[in-house]
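In the working numbering, the protein residues as written are -18 to 655.
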């Protein structure tokens, strides 16, 4: 199914916007950070080479070559020529001619960012494309290398053009002209890339060449109609549209080899001798004794591996986006190599994408990373760019990042963006799950309020201090505290509760509480209890509790003091009789004074094996200010472990489980008028 046009346009616009930002960033960095060029003196080589090309010269001729020989120029008799091929210099030449040389590196940098975004769109959904472009833009070594007049960024631009052309040549097969055009783009781009930096182009193209060989072999093995075939298959039958496109890529790509060999023949006199070899015969890929001017090393495989490991560590920890975050995100993004084909470029139907599935394309990007790393082990420039291996600030690596591994920008950016999306989705899923769990928690906790009230007054616990609506946001009062079917008030102790009750004498009373911690690891168990104010000269109360061990003590306390008794064991249950009047609370034959507004607390403690204890705690608010004694009934009951006074984690909810075996509470109060 095709995406909607607005998604396509938005995705492409995002990539182009990031590319425009990259162009501006590279231009400004070049002007402000490198106004006199960088400490890499190769920049002057390319700029002078560009000036030579504008004059139509491949060489400089002079009778005094020693007086005029520039850095990294080959001196051959009266002739001077640069060790580098002319592709990069030709790219810089228009800017040099116009007097605005910085514009070209800026455009190259913007092009790199756009191409990375487009390639990421081919392998993933459009948002990944914009993210990949942004990741490339935010990569430190891109921002420092792209503004320089060097060949690394232009070579990467050409390699990325090749990759995009290769991908779309496969995926646009039904559109013959478009497919051929993309094949031509791929071939031409890789030809120029090879001419510019042969070894770099070979390493980048290697995974794509392997893929091309594999698909051609698959085409040769395939037979569209084997049951009907009676004669041997004609070789011409193997010439599929895909084979034609690959032939175009190969044919045009080979022109880069021809051009490089021809240039060598003209400049060095030998097609197989590159200018850099004429300058330093022992430079270039390979192990053994290496030498460049006065610098020489024996580049062994062991040293190569050590240098590569050091470079990769520096790259991972210093030169990716918000290092090492960018590296970690890219590692996460590699998990998508195991994923099935997903939605990528929005211009294609699923059937078109089968010609180069997303998963295969992702593997090609990963292959580029592997090829660049492994291939550069064989190149002693990996060591040279580091300088002193014991000093991370030494060498060009310490100043600008990995020159020779610049093509790693593609896999780092694409997989970094994919990793960011994966993490975001995982985080989103987790947050959604947590939000759903929190919603479920609140729904369960507030389930008792899923009912109708008629002039109710509900006392709510203080969970986070003296506030309503915190955390019970849905249990809030309206614009007036006078009317309404339900009014919510805070539980503030006996004096505060009786004050509210007296202010609203005609309302039905409820007490809401719960067992557990509101933000705890497990759900709370709610309890909405109907309560009443009972009045009388004195109140006789019986409290029956289940026996859960060896009976220890029974205590009755008020704000004025307390009394403790040790009754006989009561079998499976214990019934405690106590009373309260206007002056005292009585337990058995012992009494304790009661304040004018007080709380009477009965505790029954059992001891269990191992030293544990279980305490039943019953709290009853008492108002003894008038002729009659008022109590709020029933009182709150808690079952406490290892203490005689606990919080809401011990709230007793009749009928709920989760208590110690044998826990049970029954209470009864009778008001007496005499």
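Where a beta carbon is used, it is the ideal one built from N, C-alpha and C, also for glycine.
On a predicted model such as this, the values are computed, not experimentally measured, just so you know.
Of the listed residues the options, nearest to residue i (C-alpha basis)
i: residue 165; options: 100, 130, 102, 231; result: 231
i: residue 104; options: 48, 180, 391; result: 391
i: residue 549; options: 565, 528, 163; result: 528
i: residue 181; options: 201, 453, 349, 200; result: 349
i: residue 51; options: 57, -1, 108, 62; result: 62
i: residue 508; options: 493, 576, 34; result: 493
i: residue 273; options: 64, 354, 375; result: 64
i: residue 611; options: 617, 578, 589; result: 578
i: residue 288; options: 523, 185, 364; result: 364
i: residue 554; options: 106, 586, 582; result: 586
i: residue 517; options: 561, 488, 525; result: 561
i: residue 533; options: 367, 593, 383, 475; result: 593
i: residue 436; options: 488, 96, 429; result: 488
i: residue 2; options: 443, 93, 70; result: 93
i: residue 639; options: 626, 620, 653, 647; result: 620
i: residue 142; options: 566, 627, 388; result: 388
i: residue 286; options: 226, 361, 235; result: 361
i: residue 656; options: 306, 0, 123, 531; result: The first residue shown for the chain is -18 and the last is 655, placing residue 656 beyond what the model contains.
i: residue 203; options: 155, 187, 220; result: 220
i: residue 237; options: 68, 526, 99, 614; result: 68
Residue range of the alpha helix (DSSP H) that includes residue i
i: residue 298; result: 282 to 299
i: residue 54; result: It is not in any alpha helix (DSSP H) - residue 54 instead sits in the beta strand (DSSP E) that spans 54 to 57.
i: residue 647; result: That residue, residue 647, is in no alpha helix (DSSP H); its beta strand (DSSP E) goes 646 to 653.
i: residue 415; result: 390 to 426
i: residue 39; result: Premise fails: residue 39 is in no alpha helix (DSSP H) and is neither H nor E.
i: residue 349; result: 339 to 358
i: residue 68; result: 67 to 79
i: residue 552; result: It is not in any alpha helix (DSSP H) - residue 552 carries neither H nor E in the DSSP assignment.
i: residue 257; result: 256 to 260
i: residue 310; result: 306 to 314
i: residue 629; result: Unbroken run through residue 629: none, as it is neither H nor E.
i: residue 362; result: 362 to 365
i: residue 186; result: 179 to 202
i: residue 85; result: 84 to 104
i: residue 47; result: 46 to 49
Buried or exposed by the 16-neighbour rule on C-beta atoms within 10 Å, applied to residue i
i: residue 519; result: buried
i: residue 624; result: exposed
i: residue 448; result: exposed
i: residue 128; result: buried
i: residue 656; result: This structure leaves residue 656 out entirely; the chain is present only between -18 and 655.
i: residue 651; result: exposed
i: residue 721; result: Since the first residue shown for the chain is -18 and the last is 655, residue 721 is missing from the structure and cannot be characterised.
i: residue 413; result: exposed
i: residue 13; result: exposed
i: residue 617; result: buried
i: residue 82; result: buried
i: residue 295; result: buried
i: residue 120; result: buried
i: residue 49; result: exposed
i: residue 334; result: With a pLDDT of only 47 at residue 334, under the threshold of 50, the placement of this residue in the model should not be trusted; the figure read from the coordinates follows. Buried, because 16 or more other Cβ atoms sit within 10 Å of the Cβ of residue 334.
i: residue 649; result: exposed
i: residue 95; result: buried
i: residue 642; result: exposed
i: residue 280; result: buried
i: residue 564; result: exposed
i: residue 372; result: exposed
i: residue 468; result: buried
i: residue 332; result: Below a pLDDT of 50, predicted positions are generally treated as unreliable, and residue 332, at 45, falls in that range; the measurement from the model is reported next regardless. The residue in question, residue 332, is exposed, as its Cβ has fewer than 16 Cβ neighbours within 10 Å.
Opposing strand residues paired with residue i [DSSP bridges]
i: residue 545; result: 536
i: residue 562; result: 519
i: residue 614; result: 513
i: residue 567; result: 560, 572
i: residue 471; result: 441
i: residue 279; result: 270
i: residue 527; result: 554
Boundaries of the beta strand (DSSP E) in which residue i is found, first to last residue
i: residue 235; result: Residue 235 -> not in any beta strand (DSSP E); alpha helix (DSSP H) instead, spanning 222 to 248.
i: residue 594; result: 594 to 604
i: residue 574; result: 571 to 574
i: residue 586; result: 578 to 588
i: residue 271; result: 269 to 273
i: residue 490; result: 489 to 496
i: residue 60; result: 60 to 63
Within-9 Å CB hit, residue i to chain B
i: residue 190; result: Looking at the structure shown, chain B is missing, and only one protein chain is on hand.
Secondary structure, alpha helix (DSSP H): runs of 4+ residues fully inside the stretch 139 to 177: 157 to 177
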